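Read the structure below first, then the notes.
Residue numbers (our numbering): 43 to 537.
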């Protein structure tokens, strides 16, 4: 049942953070500041001593969020526009800094006034209530979302909430405050969490099993070692993906698809992101420490040459991904080289966690092959930019005019990987591993077909910006992968 129409003569006041905007704009600004001006974060600790209002003003002086791309609560925004059309006075009342609130009000064009923190007074809780009672002595209506709003909602004529916090619900129940309307605009927490940690990206960590598979040393201890390493790397990778998403909040909000990511869309808060990061990194390190002990518990265990070396490589991987997130991804060509190295590191980790030596052939093939995928990722991003008639990639070092050069680099890298494979098939190493080595030559046309098709799809603008996602979802890619597996098995098993 629809809520009854409200009195037009009662001013409607709406909160900003967590209400009109699904995120906390202060937290968003701190993430943007961390990315663009990390040195200012150190100054922020000093700003805190000046009080909340001064802290917000100082942060806003360094970072001004893009009001046009904030994650607005669309259900609430539609209601506010309907009320404005009825002739109702609407005020934006927020504890956020006034400079930001004014930008939001100017962008939306539906507010008759703005009440906000001014560098001296933090307009929250009792301060906001006092301002309302002074400005609206005949009564007001309020829309909030968090515990500090409880007293305002109890004092207003028609209380309403948007994406209300659990603690606010409890406080309202205790005070007998019943909201007239509830404006929900968030995805379920579990769905947002699973999307944020990107479980589908764990498929990349299957590369950890590659050394034991290609060396034909599938034993309990090698499988246990690789499995534990896989889990450790996967939790670490998910944590670094979230770090990357938090640092890219504002950039992602301008992207047609990335704006739907959980943190960009504010389906998960920045605080929740940090909690997930801390938990996942702790789990990852625990797996890394436990790896040699778990392997040792396996019957007929062959000890690892350097039992704790995996922990070192996990730290190297984390350092590389963090360097990529903070700086390297904005450096032209360096970014794709780092991306390809991150794939190769997974293969090295597979060697360290199982004690199986990685051949130079596998190392060379992986570097060229994954370099091609990295170039394809950048190419697809630029192709999407061209489709949107934009020239520069935000936060990247590329221009749309670089497309042809990237296509050349990427295709050449893919074919170089095929050449390495062909040379490997003529080596004594391969001949000693595969009884029917000549059958492996069928891999050459299959890989050429896949690499060529990848670049054809990319050139047509049909490639997902992540080639791994494309490979997992593309039916032809899965068929070619199955054919490769059959060829490899036929070279090992007599037919």
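Where is the CB? At the ideal position from N, CA and C, for every residue including glycine.
Given the structure is predicted, the values throughout are model-derived calculations rather than measurements.
- By the neighbour-count criterion, in which 16 or more other beta carbons inside 10 Å mark a residue as buried, residue 425 falls on the buried side.
- Under the criterion of beta carbons closer than 8 Å, residue 288 and residue 315 qualify as touching, at roughly 5 Å.
- Distance from the CA of residue 432 to the CA of residue 177, rounded to the nearest whole angstrom, comes to 46 Å.
- Residue environment analysis places residue 208 among the exposed positions, since fewer than 16 neighbouring C-beta atoms fall within 10 angstroms of its C-beta.
- Distance from the Cα of residue 200 is smallest, within the candidate group 415, 502, 49, for 49.
- Residue 491 counts as exposed, since fewer than 16 other C-beta atoms from the protein chains shown sit within 10 angstroms of its C-beta.
- Assignment of residue 114 by DSSP, reduced to helix, strand and coil, places it in the strand class.
- Contact between the region 148 to 168 and the region 91 to 106 is established, with three or more Cβ pairs separated by less than 8 Å.
- The C-beta distance from residue 274 to residue 330 rounds to 5 Å, short enough to fall under 8 Å.
- Comparing alpha carbon positions, the residue from 114, 246, 203, 295 closest to residue 221 is 203.
- Less than 8 Å divides the Cβ of residue 333 from the Cβ of residue 395.
- Nearest in C-alpha terms to residue 171, of all of 135, 156, 155, is 135.
- With distances taken between CA atoms, residue 257 lies nearest to 403 out of 184, 488, 403.
- Short of 7 Å from the beta carbon of residue 479, and not among the five residues preceding or following it, lie these beta carbons of its own chain, in chain order: 467, 472, 473, 533.
- Taking the Cα positions, residue 429 is about 30 Å away from residue 521.
- DSSP lists 134 as the beta-bridge partner residues of residue 156.
- Residue 349 and residue 476 have their C-alpha atoms roughly 30 Å apart.
- Assignment of beta strand (DSSP E) within the region 462 to 533, counting only whole runs of 3 or more residues, yields no such run.
- Residue state for residue 186 is assigned as strand, using DSSP reduced to three classes.
- Assigned with DSSP and collapsed to three states, residue 199 falls in coil, not helix or strand.
- With contacts defined as CB atoms closer than 8 Å, residue 414 and residue 459 qualify as a contacting pair.
- In the structure shown, residue 310 adopts coil according to DSSP, grouped into three states.
- Ranked by Cα distance from residue 443, the first of 420, 454, 457 is 420.
- Residue 132 and residue 198 have their C-alpha atoms spaced approximately 14 Å apart.
- Excluding five sequence positions before and after residue 383, none of the CB atoms of its chain fall closer than 6 Å to its own CB.
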